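Here the structure comes first, spelled out in structure tokens, and everything after it is commentary.
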Amino acid sequence: MSKLFKVFLVGLLSVLLMTACGSDDTSTEDTSTDDSTTEDTSADTGDDKEAVTLTFWEFGNTGYDVLIEEYMEANSHVTIELQNMDMNDLHDNLFTSLSAGSGAPDVAMVEVNQLERYRDAEDRFHNLMDFGAADVEGNFLDWVWRTGENADGSFMFGLPTDIGPTVMYYRTDVFEEAGFDPSPEAVGELIQTWDDFERVAQEIYAETGKIMTDGAELVFNARRDQAPEHFFNTEDELIVEEHDHIRNAYDYTVSLIEQDLIGNIQLWTPEWFAGMDEGTYATLLGPAWMQGVIKDNAEAGVWSITTLPEGAGNWGGSYLTVPAESDYPEEAYAFIEWMTAPEQQLKSFLDYGLFPSAPAVYEDPEFLDYSDEFFGGIKTAQVFSEAAEAVIPVYKGKGYYTVNDALQEAISNVNAGADPDEQWNQALEQAESALARQ
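Residue numbering for the sequence shown is -22 to -1, 1 to 416, as defined by mature numbering (1 follows the signal peptide of the UniProt record, and there is no 0).
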């Protein structure tokens, strides 16, 4: 993920209604009830329980306030105080609180890539395995569950909420102008491999003069996220040069740059949004929550969706964790187990577009029948669930951003005319130097 992307991500995600991957909303929402409502009665639960108050830090437009009200109604001894923060602020505040040993909430929502910041701080979180997390492992996609564990699977940081399986969004009018059948079935058949993607890019450019996609970053990301190994092994040793997956992703992206098949349009810029509306580029390789971005910046009926060539990746998603400071870890765990159950994930999808990490939802009739007229009436939920089940789990390591930023900068420099081999070597040298200082 490039540095530029991280700068603009917070501003963009505040407009998304489809994602729990970030928001610029810094307002604080308190869903606590009056003290008189926290006293348990036999009419509510059948027995007396001590009243507890849980603080919950979240980011994004999740709709969790609605689910919290439902939970408190069924568990009258529990009061949950919800605080909504900017995504970066939440993770910075959580890191500071954990380091200081005070100020952390009972429940903290942690974004999937930010989870790497806390890998070395297991002692600052409750191990959810101690509260029965192993019993709900089967509720979640295997790769999502494994991402929330430590390297040997003995420690569970958090229970998964939503995810961001990646697909290929494409302009039906551009494909039609190039002489292709623009239906999702036909485009999916047309572009099954990355070689197909390159060939179709060449044909679209020849017939229409338009680029295949906005820029190099998302192409590299897509190829990288399909790799079975990324930058580190489970001992956090840099292994980029011990396998060819990342170099292949880099070389493929460079090849498209050198053929002028992809642009140099920066993500989240006015030019990028305008191109989405005007059909400047033919495809956009992005996650489920990108639906909301496209809807906000393009007219209905010109974009459609199909699977990525050769599989899928994941961009975004979150985990609900219980910091060690919590005085009520059992109650906090009971709450997050309920929040992440398939029934609640279906509600979050239908009401707020958060794509479920629980595959049982993918078989629910309401989910299967969900279609979107904006994307031509296709059953988008089925496309994304197919992508979600194709994701390959991979260990990222705490130095993930350090290496990824260096490689993204190298690709950006190549797009500006720099030598690809020199940039690759320089990126690895910079990454190794930065890692040595950490």
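All C-beta atoms in this analysis are idealised placements derived from N, C-alpha and C, irrespective of residue type, glycine included.
What you are looking at is a predicted structure, and each value in this text was computed from that prediction instead of being measured.
Asked, Found
"Integer Cβ distance of L32 from D84, believed to fall under 8 angstroms", "4 angstroms"
"Closest residue to W250 among A388, I189 and V361 (Cα-Cα distance)", "I189"
"Residues bridged to V145 [DSSP beta-bridge criterion]", "G264"
"Residue interval of the alpha helix (DSSP H) (run including W246)", "Neither: W246 is in no alpha helix (DSSP H) and is coded neither H nor E."
"Cβ pair F362, F345 closer than 8 angstroms", "no"
"Three or more C-beta pairs below 8 angstroms linking the region 355 to 370 and the region 141 to 151", "yes"
"N- and C-terminal bounds of the beta strand (DSSP E) containing M190", "I189 to T191"
"Beta-carbon proximity list for L72, same chain, < 6 angstroms, skipping 5 on both sides", "A86"
"F103, DSSP secondary structure in three states", "strand"
"N-terminal and C-terminal residue of the alpha helix (DSSP H) that S80 is part of", "First-last for S80: undefined, no H or E at that position."
"Residue from H104, E94, N91 and V90 whose Cα sits closest to the Cα of A82", "H104"
"Start-end ranges of the alpha helix (DSSP H) lying completely within the region 28 to 87, minimum 4 residues", "42 to 52 and 65 to 78"
"Extent of the continuous alpha helix (DSSP H) run through G377", "No alpha helix (DSSP H) holds G377; DSSP gives it neither H nor E."
"contact_flag[the region 299 to 314, the region 328 to 340] where n(CB pairs < 8 angstroms) is 3 or more", "no"
"Proximity below 8 angstroms, CB of T261 to CB of Y148", "yes"
"Close-in-space but distant-in-sequence residues of the same chain around G157 (CB under 7 angstroms, 5 per side omitted)", "E185"
"Between the CA atoms of E167 and A266 - distance to the nearest angstrom", "21 angstroms"
"Top-ranked residue by Cα proximity to K273, from R177, L298, F353 and E47", "F353"
"Alpha-carbon spacing of V56 relative to F133, whole angstroms", "26 angstroms"
"F210 (DSSP reduced to helix, strand or coil)", "strand"
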